[in-house]
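Novice: The structure follows.
Number of protein chains: 2
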Amino acid sequence: MSTENIITIGEAELEVMKVIWKSKDAISSAQICKAVSDHGWKRTTVTTFLARLVEKGALSAEKIGKSMYYTPIITAKQYKKAQVKSLLKNVFDGSAQDLVASLFEEKALSDNDIAELKAIFEKKE
Amino acid sequence: MSTENIITIGEAELEVMKVIWKSKDAISSAQICKAVSDHGWKRTTVTTFLARLVEKGALSAEKIGKSMYYTPIITAKQYKKAQVKSLLKNVFDGSAQDLVASLFEEKALSDNDIAELKAIFEKKE
DNA sequence: AATTTTCGTCTACAGTGGTAGACTATAATT
DNA sequence: AATTATAGTCTACCACTGTAGACGAAAATT
Numbered sequence: 054m055s056t057e058n059i060i061t062i063g064e065a066e067l068e069v070m071k072v073i074w075k076s077k078d079a080i081s082s083a084q085i086c087k088a089v090s091d092h093g094w095k096r097t098t099v100t101t102f103l104a105r106l107v108e109k110g111a112l113s114a115e116k117i118g119k120s121m122y123y124t125p126i127i128t129a130k131q132y133k134k135a136q137v138k139s140l141l142k143n144v145f146d147g148s149a150q151d152l153v154a155s156l157f158e159e160k161a162l163s164d165n166d167i168a169e170l171k172a173i174f175e176k177k178e
Numbered sequence: 054m055s056t057e058n059i060i061t062i063g064e065a066e067l068e069v070m071k072v073i074w075k076s077k078d079a080i081s082s083a084q085i086c087k088a089v090s091d092h093g094w095k096r097t098t099v100t101t102f103l104a105r106l107v108e109k110g111a112l113s114a115e116k117i118g119k120s121m122y123y124t125p126i127i128t129a130k131q132y133k134k135a136q137v138k139s140l141l142k143n144v145f146d147g148s149a150q151d152l153v154a155s156l157f158e159e160k161a162l163s164d165n166d167i168a169e170l171k172a173i174f175e176k177k178e
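As they're listed, the protein sequences go chains A and B.
End of the first sequence = 178 in the working numbering, gap-free, step of one.
End of the second sequence = 178 in the working numbering, gap-free, step of one.
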């Protein structure tokens, strides 16, 4: 493992990442702003998030014409895995069973979810 | 639902909570300090964590003799559920399948884990 | 050409969390 | 009694995150 890639992404920053992850190609700040407009953030707020995400190495940016375009460096998959891993380690002391049990207790799983998960398990072993 | 119970607990604070959760009865700051000594925190640092946890309503404190004794208000179970819920919502957009799939990809599950989880599923439906 | 709109850049401020020193009061030892 | 150890309280500092205003340049509109 490399000398560590512990990039933290804040909750608001994450909303921005999600928009970029959804986009097939590099996406402009204008488009990003539009996509997160429901959050009510000012343009400069979103811009700050973008700048910080670039600083952290989560995004790469390039200026095309007048505007900045962003591309993910960290993928959604990587991020998700890192987050589950972190939760598993920090909160559940490594017990995946405990984690999944908590999901149940949260009633976070529909019958359909359960069916799907069983399918995953069957396949996996 | 009440008007919200979004108590955030930092990573270091959590280590302190864990110690208190493990203790059957109210536990003194001295004992807590001893229990977290491997982290190398100064006494006053731990004390700050405790004070903040009390402020946030995660712990209750009472002075007995010379020392403060702490008892959890938030239980480990509540906290864990809230954390999984939060991860599910913020990172996995509510898809529990996606979350569990990430656990797999993380290779966080041993064969034994898988067996145990299957058992949970069987029981649950 | 003059004006307005669109963007990027810089600076700032408050809240939370990690970290701890200074100060004080009380209890334990010598 | 004098000294030392123990434990609580206060204050502070920095990094990170959410939030955004002020400024300036370039592009689009009138």
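Backbone N, C-alpha and C fix where the C-beta goes; we use that ideal spot for every residue, glycine too.
Because the structure is a prediction, the values reported are computed rather than measured.
1. Comparing alpha-carbon positions, which option in S82/B, L156/B, Q131/B lies nearest G118/B?
2. So within the segment 67-125 of chain B, which uninterrupted alpha helix (DSSP H) runs reach at least 4 residues, ignoring any that extend past its ends?
3. Determine the burial state of I59/B: buried for a count of at least 16 other Cβ atoms within 10 Å of its Cβ, exposed for fewer.
4. Am I right that V137/A and E159/B are in contact with their C-beta atoms under 8 Å? What's the rounded C-beta distance?
5. Please return the same chain residues whose Cβ sits closer than 6 Å to the Cβ of A104/A, not counting the five positions on each side in sequence.
6. With a threshold of 8 Å, are at least 3 pairs of Cβ atoms found where one atom belongs to the segment 90-107 of chain B and the other to the segment 150-170 of chain B?
7. Under the rule that 16 or more other beta-carbon atoms within 10 Å means buried, what is A135/A, buried or exposed?
8. Just the Cα atoms here: how many angstroms apart are A172/B and F157/B?
9. Compute the Euclidean distance between the alpha carbons of S76/B and W94/B, then round it to the nearest angstrom.
10. Under three-state DSSP, which class holds I167/B?
11. Report the option in G147/B, I62/B, D78/B, E64/B whose CA atom is closest to the CA atom of Y122/B.
12. Going by DSSP, what residue range makes up the alpha helix (DSSP H) through V137/B?
13. Alpha carbons only, please: which of A149/A, H92/A, L140/A, I62/A is nearest the one belonging to K109/A?
14. If we cut at 8 Å on Cβ distances, does Q131/B have a partner in chain A?
Specialist: So, from the data block:
1. The residue labelled residue 118/B in the question sits at position 65 within the second sequence. Of the listed residues, the one whose Cα sits closest to G118/B is S82/B.
2. Here the runs fully enclosed are 82-88, 96-108.
3. Along the second sequence, read from residue 1 onward, the residue named residue 59/B stands at position 6. By the neighbour-count rule (16 or more Cβ atoms within 10 Å), I59/B is not buried but exposed.
4. One-based indexing of the first sequence puts residue 137/A at position 84. One-based indexing of the second sequence puts residue 159/B at position 106. Contact between V137/A and E159/B is confirmed by a C-beta separation of about 6 Å, below the 8 Å threshold.
5. For this step, residue 104/A is matched to residue 51 along the first sequence. If the five residues before and after A104/A are omitted, its C-beta is found closer than 6 Å to no C-beta atom of its own chain.
6. No: the two stretches stay apart, fewer than three of their Cβ pairs being nearer than 8 Å.
7. The count along the first sequence starts at 1 and reaches residue 135/A at position 82. Around the Cβ of A135/A, a 10 Å sphere holds 16 or more other Cβ atoms; the residue is buried.
8. In the second sequence, counting from the first residue as 1, residue 172/B sits at position 119. In the second sequence, counting from the first residue as 1, residue 157/B sits at position 104. Counting only the Cα atoms, F157/B lies some 17 Å from A172/B.
9. As a working note, residue 76/B is residue 23 in the second sequence. As a working note, residue 94/B is residue 41 in the second sequence. Taken atom to atom, the span from the alpha-carbon of S76/B to that of W94/B is near 20 Å.
10. Mapped onto the second sequence, residue 167/B falls at position 114. Three-state DSSP puts I167/B in a helix.
11. Your numbering for residue 122/B matches position 69 in the second sequence. Nearest of G147/B, I62/B, D78/B, E64/B to Y122/B, Cα basis: D78/B.
12. Counting from one through the second sequence, the residue named residue 137/B turns up at place 84. Residue range 129-143 is occupied by the alpha helix (DSSP H) that includes V137/B.
13. Residue numbering aside, residue 109/A sits at position 56 when the first sequence is read from its first letter. With distances taken between Cα atoms, K109/A lies closest to I62/A.
14. Numbered from its first residue, the second sequence carries residue 131/B at position 78. With 8 Å as the cut-off, Q131/B does not count as an interface residue toward chain A.
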